[in-house]
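Asker: First the structure, which I've put down as structure tokens, then a few questions once you've had a look.
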Amino acid sequence: MSDIVVENLVKQFGSTTAVDQLNLEIKKGEMAALLGPSGCGKTTLLRMLAGFEAPSSGTIRVNGKIVNDLPPQQRKIGIVFQDYAIFPTMTVFDNIAYGLRMKKASKDEIDRSVMEYLGLVGLVGYEKRMPSQLSGGQQQRVALARALITKPEVLLLDEPLSNLDAALRLRIRKEIRKIQQKLGITAVFVTHDQEEALSIADRIFVMRRGKLMQAGTPTEIYTKPQNDFVADFIGKSNILYGKVVNIQNSSAFVQTKGADFEVSLAEHNENMRASVALNKDVWISIRPHLIQIKPKSAKQEGKSSISSSGNRGCAKLSYVEYLGNYTKGEIHLPAGIDLEFEQYHLDAEQQTQPLLRGQEVEYEIKPGNIYLGLDIKGIE
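Numbering (the numbering used here), first residue to last: 90 to 469.
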């Protein structure tokens with residue numbers, strides 16, 4: 090059953106279309122991430138779900154009911170803002186109790202519920218403190234408890250971690266996810282951070298210029314991107330464009346600028362395999378961690394490449410960053426192609442004998458580690 094259904098939703102601000110014919114469904118009890126670059130329409134969509142903005146056209150259903158004309162206070166929605174928006178002159182207790190007081194709940198219910206939600210967010214003992222006496226993470230927990238205490242049907246989170254430092258973001262992210270799963274509440278999490286979306290969501294909705302680019306589980310979005318924009322935006326990837334010049338068995342051979350790549354189609358779905366044809370314009374995605382790198386062997390010294398295939402050969406390290414447990418950088422292929430790589434150090438020798446800028450290396454990209462796509466949207 091879907092808790093939120095958006096149909097043909099449009100939001101215009103003058104001549105600017107912020108949300109453009111959007112359709113999506115969010116299932117009951119799932120954590121959905123709205124992900125995309127700045128200006129993609131994700132926050133505008135969230136504001137329409139909350140009732141802070143009215144759609145130009147289209148419908149929003151929450152729990153089967155059209156809510157387009159309902160004011161925010163009648164939507165049974167809790168919201169956590171980017172800047173927390175807790176009241177600076179109220180104690181932690183009073184901030185959390187605010188929603189119940191507006192509903193004219195009894196004192197006993199307020200006292201019992203506030204202590205319950207203080208326990209849920211790990212702030213028992215902080216009820217008499219003022220917001221100025223709290224850290225950023227503690228303030229965010231207060232905002233979360235305040236949003237949940239009225240038992241909303243849907244929880245909206247508008248980039249709730251963006252004001253926290255890196256270590257605190259990880260901890261609060263985990264806490265939000267655990268609380269959401271414990272309560273079984275439907276939640277919508279807005280973020281521009283791909284790692285946040287991948288780690289916290291049951292499903293991700295990738296947006297660009299007001300349109301939905303792809304919806305799917307984190308695994309589907311990462312491993313089976315439907316277009317080049319998603320492949321480039323989700324995680325790190327080397328995107329190359331070319332034409333299919335040969336098809337043999339379950340492999341397609343793609344000619345890019347200066348090099349041909351063999352791509353295994355075995356992991357692609359049946360529709361994709363059926364659509365791949367000679368002279369078809371395509372894009373390929375190569376994840377940096379799937380490029381195997383090793384120092385150039387003695388027998389390869391003086392050779393510029395092992396073969397004409399882009400899948401393997403010799404290259405030069407044009408950029409290197411040693412980061413302790415892994416090295417990342419860029420290799421320059423003789424064909425003039427630059428590819429980003431990541432090499433994780435699985436033994437002590439790799440950690441103590443790092444790769445160096447300017448070093449000649451051998452590389453290999455297995456055909457099954459290259460993803461081929463047909464839908465070209467362009468990358469930013």
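Even for Gly, the Cβ is constructed at its ideal location relative to N, Cα and C.
Rounded to whole angstroms, what is the Cα-Cα separation between I395 and F278?
Answerer: With a pLDDT of 44 at I395, under the threshold of 50, the modelled position of this residue cannot be trusted, and the question is left open.
Asker: Using C-beta distances below 7 Å, list every residue in its chain close to S393, excluding the 5 sequence neighbours before and after it, in chain order.
Answerer: Confidence at S393 is low in this model, with a pLDDT of 49, below 50, so its placement is unreliable and the value that follows should be read with caution. Around S393: C403 and P423.
Asker: From the DSSP output, in three-state form, read off N327 for me.
Answerer: Note: N327 maps to strand in three-state DSSP.
Asker: Can you grab the Cα-Cα spacing for the pair H281 / L124, in whole Å?
Answerer: Approximately 5 Å, taken between the alpha carbons.
Asker: Could you tell me which of K192, V333, V409 and Q110 sits nearest to N97, measuring between CA atoms?
Answerer: Among K192, V333, V409 and Q110, the Cα nearest to that of N97 is on Q110.
Asker: Please report the residue range of the alpha helix (DSSP H) in which V181 lies.
Answerer: From DSSP, the alpha helix (DSSP H) with V181 extends over V181 to M191.
Asker: Using a Cβ-Cβ cut-off of 6 Å (strictly less than) and excluding sequence neighbours within five positions of S251, which residues of its own chain qualify?
Answerer: For S251, where only same-chain residues beyond five positions count, the Cβ hits under 6 Å are Q171.
Asker: Let me know if N414 comes out buried or exposed under the rule of 16 or more other beta-carbons within 10 Å of its beta-carbon.
Answerer: Exposed, since its Cβ has fewer than 16 Cβ neighbours within 10 Å.
Asker: Please classify R235 as buried or exposed, where buried requires at least 16 neighbouring CB atoms within 10 angstroms.
Answerer: R235 comes out buried.
Asker: Ignoring anything shorter than 4 residues, give me the alpha helix (DSSP H) runs that lie fully in the region 265 to 334, in order along the chain.
Answerer: Qualifying alpha helix (DSSP H) stretches, in chain order: 283 to 289, 307 to 312 and 317 to 322.
Asker: Can you give me the start and stop residues for the alpha helix (DSSP H) that Y206 sits inside?
Answerer: Counting along the chain, the alpha helix (DSSP H) containing Y206 begins and ends at K196 to L209.
Asker: CA-CA distance, L445 and Y330?
Answerer: Distance between the alpha carbons of L445 and Y330: 29 Å.
Asker: Among the candidates L237, R401 and I323, whose CA atom is the shortest distance from the CA of D349?
Answerer: Ranking L237, R401 and I323 by Cα distance to D349 puts R401 first.
Asker: Return the chain-ordered list of same chain residues with a C-beta closer than 6 Å to the C-beta of S146, the five sequence neighbours on each side being excluded.
Answerer: Excluding residues within five positions, the ones whose Cβ falls inside 6 Å are V99.
Asker: Kindly indicate the opening and closing residues of the beta strand (DSSP E) around M120.
Answerer: Unbroken beta strand (DSSP E) run through M120: M120 to L124.
Asker: Please confirm whether S326 and S288 have their CB atoms less than 9 Å apart.
Answerer: No, the Cβ-Cβ distance between S326 and S288 is not below 9 Å.
Asker: State yes or no: is the C-beta of I175 within less than 9 Å of the C-beta of V210?
Answerer: Against a cut-off of 9 Å, the Cβ pair of V210 and I175 comes out as no contact.
Asker: Can at least three beta-carbon pairs, one atom from the region 454 to 464 and one from the region 361 to 378, be found at a separation below 8 Å?
Answerer: The region 454 to 464 vs the region 361 to 378: in contact.
Asker: List the residues that DSSP assigns as beta-bridge partners of D349.
Answerer: Its beta-bridge partners are Q344 and S398.
Asker: What separation, rounded to the nearest whole angstrom, lies between the Cα atoms of E242 and L435?
Answerer: Roughly 46 Å between the two C-alpha positions.
Asker: Note down the Cα distance separating T312 from I185, rounded to an integer number of angstroms.
Answerer: Distance between the alpha carbons of T312 and I185 is about 41 Å.
Asker: For T239, which residues from the same chain have a beta carbon less than 6 Å from its beta carbon, with the 5 sequence-adjacent residues on both sides left out?
Answerer: Around T239: G188.
Asker: Tell me whether F182 is buried or exposed, calling it buried when 16 or more other Cβ atoms sit within 10 Å of its Cβ.
Answerer: Answer is buried; the Cβ neighbour count reaches 16.
Asker: Would you decide whether T105 is buried or exposed? Buried here means 16 or more other CB atoms lie within 10 Å of its CB.
Answerer: By the 10 Å Cβ count, T105 comes out exposed.
Asker: Closest to E359 by C-alpha separation, out of D321, K385 and S339, would be which residue?
Answerer: Comparing Cα positions, the closest option is S339.
Asker: Classify A255: buried if its beta carbon has 16 or more other beta carbons within 10 angstroms, exposed otherwise.
Answerer: Burial call: exposed.
Asker: Would you call the CB atoms of V156 and D247 closer than 9 Å?
Answerer: Not closer than 9 Å, so no.
Asker: What did DSSP end up calling K473 once you bin it into helix, strand or coil?
Answerer: This structure cannot speak to residue 473, because the chain is shown only from 90 to 469.
Asker: Nearest to G324 by alpha carbon, out of N152, V352 and T308?
Answerer: G324 has its Cα closest to that of T308, out of N152, V352 and T308.
Asker: Let me know if R201 comes out buried or exposed under the rule of 16 or more other beta-carbons within 10 Å of its beta-carbon.
Answerer: When all chains shown are included, R201 counts as exposed.
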